[in-house]
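Each remark here refers to the structure printed beneath this line.
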Amino acid sequence: MDLCEKISKLLSNVKKQKPLVHHITNYVTVNDCANIVLAIGASPVMADDIGEVEEMTAISGALVLNIGTLNERTVKSMIASGKKANELGIPVIFDPVGAGATSMRTEVAERIIREIKLSVIRGNMSEIKVVAGEEANTKGVDSMDGIDGGEQLAIGLAQRLNCVVAITGEKDIISDGKRVCIVENGHEMMSRVTGTGCMCTSVIASYAGACRDFYLSAIAGILTMGLAGEKAYESLNPKEGTGTFRARIFDYISNLSAEDIVKGAKVHEKA
Amino acid sequence: MDLCEKISKLLSNVKKQKPLVHHITNYVTVNDCANIVLAIGASPVMADDIGEVEEMTAISGALVLNIGTLNERTVKSMIASGKKANELGIPVIFDPVGAGATSMRTEVAERIIREIKLSVIRGNMSEIKVVAGEEANTKGVDSMDGIDGGEQLAIGLAQRLNCVVAITGEKDIISDGKRVCIVENGHEMMSRVTGTGCMCTSVIASYAGACRDFYLSAIAGILTMGLAGEKAYESLNPKEGTGTFRARIFDYISNLSAEDIVKGAKVHEKA
Amino acid sequence: MDLCEKISKLLSNVKKQKPLVHHITNYVTVNDCANIVLAIGASPVMADDIGEVEEMTAISGALVLNIGTLNERTVKSMIASGKKANELGIPVIFDPVGAGATSMRTEVAERIIREIKLSVIRGNMSEIKVVAGEEANTKGVDSMDGIDGGEQLAIGLAQRLNCVVAITGEKDIISDGKRVCIVENGHEMMSRVTGTGCMCTSVIASYAGACRDFYLSAIAGILTMGLAGEKAYESLNPKEGTGTFRARIFDYISNLSAEDIVKGAKVHEKA
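Residue numbers (our numbering), protein chains in the order written: chain L, 1 to 271; chain G, 1001 to 1271; chain R, 2001 to 2271.
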């Protein structure tokens, strides 16, 4: 079975199993994350109080930790949830939003990779560099770094943390430490809408909640978002812009079929 | 005057009086709640700090308490606001989001029904079961329970708490403990967009801020959302999905007329 | 160079420089603020923990303080960020959402104008009256005051605080204490979508991050939002309403050109 067939099958499993995806995430894009999880066919839940996060994680199929608007209170909840997920074998998907922009973000990201066994880390080039302990060039939550050297970075970090590392940017790089996959779907307009990165992480988690192959889940999530961005852009008339583009991303993903994946995927694995 | 005429009149009163609807609600769907209250013609305000919630409630026409992303800090604010609302005779509309999913949610829901006199409780089948002290089957914030037995459940809880109970699902059940009303508007796609339940609660509160008939307000709010969901779905072309559907819900409600209600309502009261 | 030419040039500078705009803002409209900053071509970041706000402000081109859902924790962060911005000469744009609705909001607004040197304050008539220490008539976050006397109010407050004051409403008034500019773009439907005020403040900050002329930035931001509201409304078909209107605001701003500004601006300065 080739990669696209596997992803198509996984998509159909998400729709059948509707895994619950627990998020401790930022308040900027949380609504988008919930809606994208619903669009792909899974079920989102957001809970961040220390009094309930472990219980909520325990009934979930995957956990997203996203530090986009981290604060002292929710960092504690992230650590507690992550540990509970580890204990129960529930996959944890980490989005180190803005790591490198402030020391607090960098330290929290470091703490998360130290204390929690992650299944997938997804970030832009500078965020992943920071997580890997390298010098990076961030601007708030945006990367100012090119994608050069991304493959080696992803492989190395994946090996060190024994997890899947996904770097998204002009092209996307996914590695489990052995294999490397490149996804060339997507459109530049995605960087002009907030939350396309966060949504990508949530879609990865939706897939991860329906299988145990996190490398495949990461590829599937990134491909899904990339295809949606491409198709959303193609659908625009000249007067439409980022507002309509954003709605079309949800439209596309809520209608996504196996055929769309097979036809549209620009994915290749490196030998 | 029949039910639809009453609802039409109430809609026109909302637009005239523009009641202020104070929300202490979750950060996932808060923007949707604000926009739906504006769409129907009322005026939303969100404030959750203990230092101002009582004052904000005191100038409002209705108060929404929604525990979707509850935390220790905002639960205190909910209790304080609810008591202030009771003191001043301002209706309190309660949305027990995810009650049953964690003990914290269940306990907070129990505390709210114990300490605050509610005008309307709206939830899905499993949330209302939990509020009523029954066994329920929840999955995060979604109900896994069918609607069977919903009428007796609504009547019983409404009598016990002396408030209106509304259960939304495949069909919607509203009871004030004596009467029962069934609404059969709505569309399945509403469950694929986050916040349609929260928005329904906010629309009920908008109506409740413009009259003293909370049974009518609950029916009106549920009918309004159901009609919007139906019409939004009918308006979609094959390439459109949940993103456009969501925008159309606001479109429809912002244009809602008395004629739409009379023509579209699938509402009947049971003898 | 006339005003419209200056604004067109400033727009092009925003797109070139992509200033980072740090927000400490409310959770109701935060996603809209992020998306509008991206639409105009700048780069948003939201961070509110006391452990990182100063560092985040230090790397930003402008800081937005918006008290729409203020709480004790974030007020501290606002004060710390504002002071850091002052220290580094970074413009601070203040949106006193709901000032006057509760004593807490009024007091926080007073504290901010006392402790922080602001570049621009933007609010509706009642919010600006409250900031100026006058009697006002607010309803939650909406103004019940007409725009009469607005010019004198804006001039007086601008002189007293040595900053630019912008009052938005049926028409918009901008003053730096000497000059007064009136903007007559906009559409009534903007008041039926939450966050158009907050977004306006964020657009002002995007402009202010790319120049040192805050009077021009305020005019540019208000004109941009006003034009977007007008054009979004004109684009609607009879079945569309506030949901589509909202998406079109982003569409329009993401496509905004110098020509649109020159053709559409209804702006005049008073002698």
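For each residue, glycine too, the CB sits at the ideal point set by N, CA and C.
Of all Cβ atoms in chain A, is any one closer than 8 Å to the Cβ of residue i?
i	result
residue 52 of chain L	Looking for chain A here will not work: the only protein chains present are L, G and R.
Compare the C-beta of residue i with all C-beta atoms of chain G and state if any pair is closer than 8 Å.
i	result
residue 43 of chain L	yes
residue 14 of chain L	no
residue 2194 of chain R	yes
residue 255 of chain L	yes
residue 11 of chain L	no
residue 286 of chain L	Outside the shown range of chain L, which is 1 to 271, sits residue 286 of chain L, and nothing can be said about it.
residue 90 of chain L	no
residue 85 of chain L	no
residue 38 of chain L	yes
Let me check understanding here. Comparing Cα to Cα, which of the options lies closest to residue i?
i	options	result
residue 1009 of chain G	G:1261, G:1266 and G:1187	G:1261
residue 2213 of chain R	R:2044, R:2032, R:2186 and R:2176	R:2176
residue 1082 of chain G	G:1068, G:1062 and G:1225	G:1062
residue 2050 of chain R	R:2232, R:2150, R:2072 and R:2244	R:2072
residue 2099 of chain R	R:2080, R:2128 and R:2074	R:2128
residue 1203 of chain G	G:1149, G:1001, G:1005 and G:1019	G:1019
residue 147 of chain L	L:162, L:174, L:133 and L:140	L:174
residue 33 of chain L	G:1117, G:1210, G:1243 and G:1155	G:1243
residue 215 of chain L	L:248, L:181 and L:245	L:181
residue 2171 of chain R	R:2159, R:2160 and R:2185	R:2185
residue 39 of chain L	L:239, L:269 and L:206	L:206
residue 2041 of chain R	R:2021, R:2218 and R:2195	R:2021
residue 1217 of chain G	G:1056, G:1059, G:1126 and G:1163	G:1163
residue 1254 of chain G	R:2076, R:2192 and R:2006	R:2192
residue 2241 of chain R	R:2268, R:2188, R:2151 and R:2257	R:2188
residue 1026 of chain G	G:1011, G:1102, G:1070 and G:1224	G:1070
residue 1225 of chain G	G:1208, G:1236, G:1201 and G:1209	G:1201
residue 1101 of chain G	L:44, L:166 and L:16	L:44
residue 78 of chain L	L:115, L:106 and L:59	L:115
residue 211 of chain L	L:103, L:5 and L:17	L:17
residue 93 of chain L	L:270, L:57 and L:106	L:57
residue 1233 of chain G	G:1118, G:1221 and G:1249	G:1249
residue 96 of chain L	L:168, L:59, L:152 and L:245	L:168
residue 143 of chain L	L:150, L:125, L:221 and L:258	L:125
Could you confirm whether any beta carbon from chain R is found closer than 8 Å to the beta carbon of residue i?
i	result
residue 1070 of chain G	no
residue 1078 of chain G	no
residue 1046 of chain G	yes
residue 1056 of chain G	yes
residue 98 of chain L	yes
residue 1210 of chain G	no
residue 1059 of chain G	yes
Check whether chain L comes within 8 Å of residue i, counting only Cβ atoms and requiring the distance to be less than that.
i	result
residue 1142 of chain G	yes
residue 1035 of chain G	no
residue 2063 of chain R	no
residue 2093 of chain R	no
residue 2260 of chain R	no
residue 2049 of chain R	yes
To which residues does DSSP link residue i through a beta bridge?
i	result
residue 2172 of chain R	R:2183
residue 94 of chain L	L:65 and L:121
residue 1142 of chain G	G:1139
residue 1194 of chain G	Bridge partners of residue 1194 of chain G: none, in fact.
residue 2167 of chain R	R:2123 and R:2173
residue 1102 of chain G	G:1099
residue 267 of chain L	L:183
| task | Scan the region 2101-2116 of chain R for residues whose Cβ lies nearer than 8 Å to a Cβ of chain G and list them as they occur along the chain. | result | 2101, 2102, 2103, 2104 and 2105
| task | Could you please tell me which residues of the region 2237-2252 of chain R, in chain order, have their CB closer than 9 Å to any CB of chain G? | result | 2238, 2239, 2240, 2241, 2242, 2243, 2244, 2245, 2246 and 2247
| said: As an exercise, report each continuous alpha helix (DSSP H) stretch of at least 4 residues that is fully enclosed by the region 1015-1074 of chain G, in chain order. | reply: 1030-1040 and 1053-1058
| Between the region 15-33 of chain L and chain R, which residues of the former have CB atoms less than 9 Å from a CB of the latter, in chain order? | Near chain R, meaning a CB-to-CB distance below 9 Å, the residues of the region 15-33 of chain L are 26, 27, 28, 29, 30, 31 and 32.
| query | When you check each C-beta in the region 1131-1158 of chain G against every C-beta of chain L, which residues fall closer than 8 Å? | reply | Close to chain L, meaning a Cβ-Cβ distance shorter than 8 Å, are the following residues of the region 1131-1158 of chain G: 1139, 1140, 1141 and 1142.
| said: Any C-beta of chain R within less than 8 Å: which residues of the region 1162-1175 of chain G qualify? | reply: none
| task | Only counting runs of 4 or more residues, tell me where the alpha helix (DSSP H) segments fall wholly within the region 2189-2242 of chain R, in order along the chain. | result | Counting only runs that start and end inside the region 2189-2242 of chain R, the alpha helix (DSSP H) elements of at least 4 residues fall at 2196-2208 and 2214-2234.
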